[in-house]
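The block underneath contains the structure these notes are about, expressed in structure tokens.
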Amino acid sequence: MKKLLDGLQPVVMAFAVFMMIYLFLLQPHKVDGNSMYPNFHDKEYILTDKVSYRKGDPQRGDVVVFRAPPPANSDYIKRVIGLPGETIVVKNGYVFINGQRLPEAYLPATYQTLEKSFLREGVPYQIPAGYYMIFGDNRNYSSDSREFGPISKKAIVGKFWIKYWPLNF
């Protein structure tokens with residue numbers, strides 16, 4: 014019996030370490046769909062850093078995983094576009110923040126940002142305190158803040174850290 018318990022001890026310790034990392038530091042997520050194409054592809058696996066936003070705030074350009082509002086009730090991966098207190102508007106295919114066109118080097122030059130049901134063409138929206146506007150990189154195929162409005166910091170699970178599958182060398 015003692016040998017069995019001695020043999021289980023490393024397994025229990027490894028499981029405990031895994032759970033601590035999973036619950037408090039990093040969490041795996043699967044990219045589901047093409048809303049972040051060309052930067053993230055359907056069925057890629059990523060690790061999400063769950064620590065960064067405990068003391069700091071999301072920054073423009075950060076790729077985050079968040080709990081989508083109902084009825085989706087799943088985790089989405091998108092990019093932070095607008096920050097609390099800023100005024101955002103979509104006009105002529107571009108995003109403007111506080112009257113300045115947002116440079117988006119991570120998007121192909123041919124991509125345009127179109128209105129959706131929440132964020133309408135040419136209509137400014139001031140982002141409330143504690144909330145963020147998040148968009149998918151593949152703007153024509155993304156359900157994001159243009160459709161369901163801003164998301165609260167509390168809904169953010171974490172910040173994208175690394176892609177781990179499939180392996181790309």
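Position one of the sequence shown corresponds to residue 14 (my numbering), numbered consecutively onward. Heads up, the beta-carbon is just placed ideally off N, CA and C, and yes, glycines get one too.
C-alpha distance - residue i paired with residue j, whole-angstrom precision
{"i": "L39", "j": "V136", "result": "38 Å"}
{"i": "P163", "j": "Q139", "result": "10 Å"}
{"i": "P179", "j": "V108", "result": "32 Å"}
{"i": "Y145", "j": "K15", "result": "55 Å"}
{"i": "E134", "j": "P23", "result": "59 Å"}
{"i": "L32", "j": "F173", "result": "Correcting the residue type first, residue 32 is Met in the shown sequence and not Leu. So the two alpha carbons sit approximately 19 Å from each other."}
{"i": "I169", "j": "A81", "result": "9 Å"}
{"i": "E117", "j": "V102", "result": "15 Å"}
{"i": "E57", "j": "D45", "result": "8 Å"}
{"i": "R152", "j": "V30", "result": "39 Å"}
{"i": "G98", "j": "P121", "result": "28 Å"}
{"i": "M26", "j": "N181", "result": "32 Å"}
{"i": "I59", "j": "G112", "result": "34 Å"}
Residue i in three-state terms, based on DSSP
{"i": "V136", "result": "coil"}
{"i": "D70", "result": "coil"}
{"i": "S65", "result": "helix"}
{"i": "K56", "result": "coil"}
{"i": "L21", "result": "helix"}
{"i": "Y154", "result": "helix"}
{"i": "V44", "result": "coil"}
{"i": "F28", "result": "helix"}
{"i": "M33", "result": "helix"}
{"i": "K166", "result": "helix"}
Residue burial classification, residue i (beta-carbon count within 10 angstroms, cutoff 16)
{"i": "M49", "result": "buried"}
{"i": "V64", "result": "exposed"}
{"i": "D158", "result": "Checking the sequence, you will find Ser at residue 158 rather than Asp. Its Cβ being crowded by 16 or more others within 10 Å, S158 is buried."}
{"i": "R114", "result": "exposed"}
{"i": "T123", "result": "exposed"}
{"i": "I175", "result": "exposed"}
Beta-carbon separation (whole angstroms), residue i vs residue j, contact threshold 8 Å
{"i": "G149", "j": "K91", "result": "5 Å"}
{"i": "G171", "j": "D62", "result": "5 Å"}
{"i": "I110", "j": "I147", "result": "With a Cβ gap of about 13 Å, I110 and I147 do not count as contacting."}
{"i": "D88", "j": "F79", "result": "7 Å"}
{"i": "Y154", "j": "N52", "result": "Contact doesn't hold; Cβ gap of about 13 Å is too wide."}
Selection from the options that minimises the alpha carbon distance to residue i
{"i": "G106", "options": "G98, E128, E99, Q113", "result": "E128"}
{"i": "H42", "options": "V76, D70, M26", "result": "V76"}
{"i": "R67", "options": "W174, Q22, K166", "result": "K166"}
{"i": "Y177", "options": "M33, H54, F31, V30", "result": "H54"}
{"i": "L132", "options": "L115, K104, Q72", "result": "K104"}
{"i": "N86", "options": "N181, F161, I175", "result": "F161"}
{"i": "T100", "options": "L60, N181, P141", "result": "P141"}
{"i": "P84", "options": "Q72, S156, T126", "result": "S156"}
{"i": "R73", "options": "I59, L60, Y119, F28", "result": "Y119"}
Cutoff 9 Å: residue i Cβ touching any chain B Cβ
{"i": "I101", "result": "Of the protein chains in the structure, only one exists, and it is not chain B."}
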